[in-house]
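Some notes on the structure that comes next.
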Amino acid sequence: MTVYDELVARGLIAQVTDEEEIKELINNGKATFYIGFDPTADSLHVGHFMALCLMKRLQMAGNKPIALIGGGTAMIGDPSGRTDMRQMMTKETINHNCECFKKQMSRFIDFSDGKALMVNNADWLLGLNYVEVLRDIGPHFSVNRMLSAECYKQRMERGLSFLEFNYMIMQSYDFYELFQRYGCNMQFGGDDQWSNMLGGTELIRRKLGKNACAMTITLLLNSEGKKMGKTQSGAVWLDPEKTSPFEFYQYWRNVGDADVLKCLRMLTFLPLEQIDEMDKWEGSQLNTAKEILAFELTKLVHGEEEATKAQESARALFSGGNAANMPTATITEENLRDGEIDIMGLLVASGLCASRSEARRAVQQGGVAVNGEKVASIEASYKPEDINKEDFVLRRGKKNYRKIIFE
Numbered sequence: 001m002t003v004y005d006e007l008v009a010r011g012l013i014a015q016v017t018d019e020e021e022i023k024e025l026i027n028n029g030k031a032t033f034y035i036g037f038d039p040t041a042d043s044l045h046v047g048h049f050m051a052l053c054l055m056k057r058l059q060m061a062g063n064k065p066i067a068l069i070g071g072g073t074a075m076i077g078d079p080s081g082r083t084d085m086r087q088m089m090t091k092e093t094i095n096h097n098c099e100c101f102k103k104q105m106s107r108f109i110d111f112s113d114g115k116a117l118m119v120n121n122a123d124w125l126l127g128l129n130y131v132e133v134l135r136d137i138g139p140h141f142s143v144n145r146m147l148s149a150e151c152y153k154q155r156m157e158r159g160l161s162f163l164e165f166n167y168m169i170m171q172s173y174d175f176y177e178l179f180q181r182y183g184c185n186m187q188f189g190g191d192d193q194w195s196n197m198l199g200g201t202e203l204i205r206r207k208l209g210k211n212a213c214a215m216t217i218t219l220l221l222n223s224e225g226k227k228m229g230k231t232q233s234g235a236v237w238l239d240p241e242k243t244s245p246f247e248f249y250q251y252w253r254n255v256g257d258a259d260v261l262k263c264l265r266m267l268t269f270l271p272l273e274q275i276d277e278m279d280k281w282e283g284s285q286l287n288t289a290k291e292i293l294a295f296e297l298t299k300l301v302h303g304e305e306e307a308t309k310a311q312e313s314a315r316a317l318f319s320g321g322n323a324a325n326m327p328t329a330t331i332t333e334e335n336l337r338d339g340e341i342d343i344m345g346l347l348v349a350s351g352l353c354a355s356r357s358e359a360r361r362a363v364q365q366g367g368v369a370v371n372g373e374k375v376a377s378i379e380a381s382y383k384p385e386d387i388n389k390e391d392f393v394l395r396r397g398k399k400n401y402r403k404i405i406f407e
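Each residue of the sequence shown is one higher than the one before, counting from 1 in full-length UniProt numbering.
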């Protein structure tokens, strides 16, 4: 099976241009490709993680990745998939986020000896002259075609600012600049980025000739990754300070039955033959598949030692044993009322709920458990000795756990 055929078999490819040329480049390790990452936070999340896995996969096949940090485009914000305008960030915040991205990306991509590049589009976008851009780039874009793009349609109903309208031009210009500076001949992105990517391909061919080697390919995984990267409690981050290895493991351990095989194909580096065998699994065997998924992805992000700890803690939790490595929350005298803390206060103090009213609803809906036993009443309360006499594990929903400690 060729590299490209494997991408297809793993369910990664949504649509492409110039398929035969793309196959030739990818299969022979001749692709210099880029994926863009806008630094809208100080950590990557699992939506980015999927793109990083793809970059790692293609680099292993001899191709050269370019990780493009959007220090310039982040000054505007991508309207794709948005119903409102993104919050403006300062240059200082953007630069800080860029540095955080660089550190995390190095766990996935080998940047040594020119095997991969990491560049920032602020290097060329922030120095552009507006009138020169209008004259040099503007004639190559049709406003009618831009307005028909899916990424703008959903924003038109609520109001699309001229600021956001320029995002497509900026992303297209990125490909043009990367092509000229680094010989970048391919771009990857989610299917929600298709119009922006086509704009870059067309810009290169119109300015440099129809035979310019510039191709686009979109990946279903990126748009699905944005959905997978959100949970009820917020984003699933790659930074262990934001999402612990245990929480990361538990997130993947609790994917739906219908998604586990798809995630194994798209995100892990297990052989397809091994994953295909799991297609025959059902019932309790699917839990084994979920454990394999959670372990492989946690190992990739946090290392094998942390993955092993997370797996052992999760198994101990479900068997009623000691879950030493799960996230902890500390309760002090300040949290007590008359020497006790009620279940709602415990949920808030542990960070599992944002307010007592949210905690009340969680208990009333039957979604809260202590040491595996469902909490039936909002009147439930606990003394310090109840908490410290044994492992005291508080759970909200299926995925969110805290080991509670009283000090």
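We treat Cβ as the ideally placed atom computed from N, Cα and C, and that holds for glycine.
Straight-line measurement puts the Cα of residue 135 at about 13 Å from the Cα of residue 203. Residue 180 carries a helical assignment under DSSP once its states are collapsed to helix, strand and coil. Under the DSSP assignment, residue 365 falls outside any beta strand (DSSP E); it carries neither an H nor an E label. Taken in chain order, the whole alpha helix (DSSP H) runs of length 4 or more contained in the stretch 199 to 275 are 220 to 228, 245 to 253, 260 to 267. Looking at the DSSP output, residue 118 bridges to 67. A contact between stretches requires three or more CB pairs, one per stretch, nearer than 8 Å, and the stretch 344 to 355 fails this requirement with the stretch 284 to 301. DSSP places residue 394 outside any alpha helix (DSSP H); the residue lies instead in the beta strand (DSSP E), whose first and last residues are 392 to 396.
Under the three-pair Cβ rule at 8 Å, the stretch 57 to 77 counts as touching the stretch 116 to 124.
Comparing alpha carbon positions, the residue from 391, 68, 366, 11 closest to residue 181 is 68. The alpha helix (DSSP H) runs of length 4 or more contained entirely in the stretch 274 to 304 are, from start to end of the chain, 285 to 302. Contact annotation, residue 59 with residue 13: C-beta distance approximately 18 Å; criterion of less than 8 Å not satisfied. Per the Cβ contact rule, the stretch 35 to 48 is in contact with the stretch 234 to 244 (3 or more Cβ pairs under 8 Å). When DSSP reads this structure, residue 57 sits in no beta bridge, so it has no partner.
For residue 104, the enclosing alpha helix (DSSP H) has its first and last residue at 91 to 105. Residue 34 and residue 98 have their C-alpha atoms spaced approximately 16 Å apart.
Counting C-beta atoms within 10 angstroms of its own C-beta, residue 313 has 16 or more neighbours from the protein chains shown and is therefore classed as buried. Between the alpha carbons of residue 368 and residue 394 lies a distance of about 7 Å.
Under the three-state reduction of DSSP output, residue 172 falls in the helix class. Each of 153, 40, 53, 138 was checked against the Cα of residue 90, and the nearest Cα belongs to 40. DSSP places residue 386 within a helical segment (H, G or I) once states are collapsed to three.
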